[in-house]
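Participant: With the UniProt record's numbering applied, the sequence shown corresponds to residues 1 to 288, in that order. Built from N, CA and C at the ideal position, the CB exists for glycine as well. From a predicted model like this one, the values you see are computed outputs, not experimental measurements.
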Amino acid sequence: MKKSNKKIKKSLISLAALIVIGTGGYSLANTFLVWGGEDDVESIYDSVKHLDKILTSKSSKLTKTQEEVDQLTNNLTSAEKDRSEAAEKVNLIEQEKIELTEQLNQRETQVKALENEREELITASDELEHQLSELKKDKATNTQNKEVMQQKINELQHALDLKTQEVRERDVILDQKLLKQQELEKRLAEESETYKKELARAQEAFEEYDQIIASLEEELANKKGEVNDMASQLTDLKNEKINLTEKYNQLNNDKSDTDQKLEKALKDVSDLETYVKSIEEKHNDQIE
1 MKKSNKKIKK SLISLAALIV IGTGGYSLAN TFLVWGGEDD VESIYDSVKH
51 LDKILTSKSS KLTKTQEEVD QLTNNLTSAE KDRSEAAEKV NLIEQEKIEL
101 TEQLNQRETQ VKALENEREE LITASDELEH QLSELKKDKA TNTQNKEVMQ
151 QKINELQHAL DLKTQEVRER DVILDQKLLK QQELEKRLAE ESETYKKELA
201 RAQEAFEEYD QIIASLEEEL ANKKGEVNDM ASQLTDLKNE KINLTEKYNQ
251 LNNDKSDTDQ KLEKALKDVS DLETYVKSIE EKHNDQIE
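Below you can see the structure in the form of structure tokens.
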């Protein structure tokens with residue numbers, strides 16, 4: 001009977017130890033092992049990697065688009081320069097034509113002035129011839145004062161000779177002016193078609209550059225809009241990456257803390273098991 005009681009006590013102590021170990025271990029595990037965040041960490045890690053790929057792609061596209069913007073800006077500057085040169089060429093052609101026309105008008109004015117002056121000289125010569133003719137008639141009919149009459153005739157003849165010489169000189173100058181005028185008229189006539197063609201080409205180029213510039217400005221505005229949109233997207237993605245990275249780090253920290261708690265719990269269970277065994281052995285010895 002005494003031996004049977006010892007066995008019962010020993011069994012009860014063992015059962016108590018198992019209950020302590022079992023319930024204690026489960027309780028500790030239940031307290032410290034409530035983690036379940038491993039899948040969240042992996043999911044966030046994958047999201048961060050995916051965001052990193054998107055950011056890399058967006059950054060590359062942003063760089064490429066910015067390069068396109070720079071190229072468009074250079075093209076626009078070049079087109080504006082070509083347009084300015086075309087406009088300058090148009091102005092030069094028009095100015096040259098205006099100057100040539102002004103020269104021709106000046107020549108015409110000079111020719112008209114010389115023609116008027118020549119007409120005046122001819123009129124004066126005719127008047128002198130008429131006076132000379134009248135004096136000669138008077139000399140023929142008037143025998144008195146022949147010397148005085150002859151002197152007047154000589155004076156009038158001399159004046160007439162001078163006027164005649166002036167008319168001849170004016171004729172030479174007039175011929176030169178007329179020749180120059182004819183040359184200018186011929187040149188203007190020959191170059192008129194050339195001026196028209198060059199002017200038409202220059203104006204066409206000018207208008208074409210206007211269209212190119214308008215197109216480039218529109219394309220540039222669109223590209224700048226794309227750059228701004230992508231920059232905004234990049235900012236949002238970077239912020240999202242930062243948030244996910246912070247969450248990932250926080251979860252890692254939580255997991256690390258849980259791992260430490262788990263390790264401590266397992267140690268506590270192990271210590272408890274050792275303690276229970278020591279108690280069991282102690283009581284077994286006493287029972288025996």
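1. Alpha carbons only, please: which of N253, R107, E85, T56 is nearest the one belonging to Q181?
2. With 16 other CB atoms within 10 Å as the buried threshold, where does N30 fall?
3. Nearest to S60 by CA position, among K49, L156, A231, is which residue?
4. Out of curiosity, what's the CA-to-CA distance linking Q176 and E183?
5. Is it buried or exposed, V172, if we count other Cβ atoms within 10 angstroms and call 16 or more buried?
6. Would you be able to state if there are at least three C-beta pairs under 8 Å between the region 124-136 and the region 208-226?
7. Of the residues S215, S133, V167, K49, which one's Cα is nearest the Cα of T73?
8. Using CA coordinates, which residue listed in K152, V167, A79, V69 is at the minimum distance from E117?
9. When burial is assigned at 16 or more other CB atoms within 10 Å of the CB, is L179 buried or exposed?
10. Taking the alpha-carbon positions, what's the E273 to N249 distance?
11. On a Cα-Cα basis, can you pick out the residue from L121, S133, Q203 that is closest to Q165?
12. Which one of L188, K89, E80 has the shortest CA to CA distance from L199?
Facilitator: Looking at the coordinates:
1. R107
2. Model confidence at N30 stands at a pLDDT of 40, short of 50, so the residue's coordinates are unreliable; what they give is reported in the following sentence. Classification for N30: exposed.
3. A231
4. 10 Å
5. exposed
6. no
7. S215
8. V167
9. exposed
10. 35 Å
11. That would be L121, whose Cα lies nearest to the Cα of Q165.
12. K89
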